[in-house]
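Structure first, then comments.
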Amino acid sequence: MSDDTIRLVTIGRILRRRRRLLAALAVLGALVGYGASVLFPPRYTTSASVLLPGQWEERELLTQAEIATSSVVLDRAAAALGRPGVGGSELRDRVSAKAADGNIIKISGTADTPERAQRLSDQVAGQFVTFAARLAGDNPDPGAADAPEELRKTVVQTDRRITDLAEAADPGRTVESVQARTELEKLRAALLDAMKKLDEADPATSKAGMVVMGPAARPTGEAAPTRAQLIVAGAALFFLLAVIGHLTAARMSRRLRTAPEIAAALGSALLGTVDVPGERPAHRPEERGPRARIRRLLGVDTPWDVPPPQPSGGEAGRRIRYRRVCARLREELPASRRLLVVVPDGDEVAGRAAGQLVAEAGSDSSPGSSSRGYPVLRVVGVSVSGPLVPDRDTESGALVVLSAGSRTAGELAGIAEACADAGHEVVGVVVAGTTRGRPTRSAGRPPYEAAPAFAAHGHTTGGSV
1 MSDDTIRLVT IGRILRRRRR LLAALAVLGA LVGYGASVLF PPRYTTSASV LLPGQWEERE
61 LLTQAEIATS SVVLDRAAAA LGRPGVGGSE LRDRVSAKAA DGNIIKISGT ADTPERAQRL
121 SDQVAGQFVT FAARLAGDNP DPGAADAPEE LRKTVVQTDR RITDLAEAAD PGRTVESVQA
181 RTELEKLRAA LLDAMKKLDE ADPATSKAGM VVMGPAARPT GEAAPTRAQL IVAGAALFFL
241 LAVIGHLTAA RMSRRLRTAP EIAAALGSAL LGTVDVPGER PAHRPEERGP RARIRRLLGV
301 DTPWDVPPPQ PSGGEAGRRI RYRRVCARLR EELPASRRLL VVVPDGDEVA GRAAGQLVAE
361 AGSDSSPGSS SRGYPVLRVV GVSVSGPLVP DRDTESGALV VLSAGSRTAG ELAGIAEACA
421 DAGHEVVGVV VAGTTRGRPT RSAGRPPYEA APAFAAHGHT TGGSV
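So that you can map any letter, position 264 of the sequence shown is 264 in the working numbering, and since no number is skipped, the others follow by simple counting.
This is the structure in structure tokens:
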């Protein structure tokens, strides 16, 4: 898989062959999400809207939004709420403001109950309006609304008085009268200029007339992330991490999955591929501990990335494949009659295939079996971590039987070196696979599984056939 692209069929294979593990991890992720929801209590959020009359530019609205969450406004809101231990700094993470369409500032407050969230939003909105009015110079006194108009009337009256004084003065007969008229004209110009500036300031004053558009609505549901969302997110996260972990492990794996690669790693010729029914084999005594039971329960006791079982061609087709392997062995060793069949420890599929190969080569139930000249086979199991093959006795070579996708090139090279050290030449390689279904055995035919016992770690425990 390291050289192949990840396809949907690969993900589908993971889902089929690791469904129990993925389900267990999804449940674990859901429990983690539930624990996170317990550590983080539920939150409720609501918003209060403040209307800004007049014409406002976008940057001005952003400035007002920043003012709404400033420390001055939040400190005043915290003081008005009257909750001990809650100050403006604590409210900073629970209050937000943003500019909306229509010159509206939306102030959102978050609290642990709907009532507190509603009160927090209303209080911050009210303190924001009060502070903005103070910045604009507004007086909260109701009578202050008529102050600009009164000022205009005073200016008009003063202007008329200046005109009357100028007409009553001696019209240019003395130096003092001329100076007096000049000073009066300067005073008139100053008053008119002040009046002009006052008129220009009126729009800005109208901008400061902000209005809170009603109290905040009391929230009816929790703010995100809710407990259900945390549970679903935890399950999905663990599920995705498990799938990604399987894909990463498969791409980093160096196990050989094709017959030509396996034969090249062992430095021998491929004699053929055989198959066995895809049933779960009996577990060995060393595989009955708690760890092995957990692996079987989660379905991780068998590799998921090996080729899927092919449709069975029936017992007759299976026997033909084994006979062809035996015939190729006879062609490779025309004068030899004994071979050592090497099977890696833990490779159940290869062990069953080796037993069937031995049974086919040594069967006497078919007429003329003694005249076929098939070699006599003896099966031994070899540890991959420390391969040790029995020394050469009457055998004239070794036949390696293993399943695809079970070993790396380095492990197979170690088995080949162990065979060479024991004086055995690897005469061929047989790759075993599985098929769907279990065909019915023919009457009078010995079962394929009635194979000689394996030799563990190079010491033979069963005789030759």
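Here a beta-carbon is modelled for each residue, glycine too, at the ideal position from N, C-alpha and C. Here the structure is a predicted model, which means the values were calculated and not measured.
Considering only the beta carbon of each residue, do A416 and V427 sit closer than 9 Å? no
What are the residues that DSSP puts in a beta bridge with V380? Looking at the DSSP assignment, V380 forms a beta bridge with V342.
For V489, which residues of its own chain have a beta-carbon under 7 Å away from its beta-carbon, when the five flanking residues on both sides are left out? Nothing about residue 489 can be read from this structure; the chain reaches only from 1 to 465.
Please report the straight-line C-alpha distance between L297 and E222, rounded to a whole angstrom. The alpha-carbon atoms of L297 and E222 are separated by roughly 39 Å.
Which same chain residues end up closer than 8 Å to G299 when comparing Cβ atoms and leaving out the 5 residues on each side of it in sequence? R17, R18, R19, R20 and L21
Using DSSP bridges, identify the partner residues of I105. V50 and A99
Alpha carbon of R324 to alpha carbon of P260, nearest angstrom: 18 Å
Going by CA-CA distance only, name the one from K106, A413 and Y322 that's closest to V382. A413
Between R59, V155, I162 and V212, which lies nearest to A125 when the distance is taken from Cα to Cα? That would be V212, whose Cα lies nearest to the Cα of A125.
Count the other CB atoms within 10 Å of the CB of T46; is the residue buried (16 or more) or exposed (fewer)? buried
Taking a contact to mean a Cβ-Cβ separation below 9 Å, would you say D101 touches P42 in this structure? no
S108: buried (16+ other C-beta within 10 angstroms of its C-beta) or exposed? buried
Take the Cβ of G386 as the centre, count every other Cβ of all protein chains shown within 10 Å, and call the residue buried at 16 or more, exposed below. Exposed is the call here.
I need the straight-line Cα distance from I244 to V9, nearest angstrom please. 14 Å
Looking at I67 and the ligand MN, is the gap between the Cβ and the nearest heavy atom below 8 Å? With respect to small molecules bound, the structure shown includes none, and the ligand MN cannot be examined in it.
Sort out for me which residues DSSP pairs R255 with in a bridge. T408
Where the beta strand (DSSP E) containing G272 begins and where it ends: L270 to P277
Buried or exposed, going by whether 16 or more other CB atoms sit within 10 Å of the CB of Q123? buried
Can you tell me the Cα-Cα spacing of D364 and A292, whole angstroms? For D364, the pLDDT reaches just 41, beneath the cut-off of 50, and the residue's location in the model is therefore unreliable, although a value from the coordinates is still provided. Going by the C-alpha atoms only, they are around 39 Å apart.
Mapping DSSP to helix, strand and coil, what is L478? In the structure displayed, the chain extends from 1 to 465; residue 478 sits before or after that span and is not available.
Excluding the 5 residues preceding and the 5 following R83 in the sequence, name in chain order all residues of the same chain whose CB lies nearer than 7 Å to its CB. Residues of the same chain with their beta carbon placed closer than 7 Å to that of R83 are lacking, with the five preceding and five following residues left out of the count.
Leaving aside the five residues before and after A216 along the sequence, list all residues of the same chain whose C-beta is less than 7 Å from its C-beta, in chain order. T46, S47, A48, Q118, S121 and D122
Hey, how far is the Cα of G214 from the Cα of E90? Spanning the two alpha carbons is a distance of roughly 25 Å.
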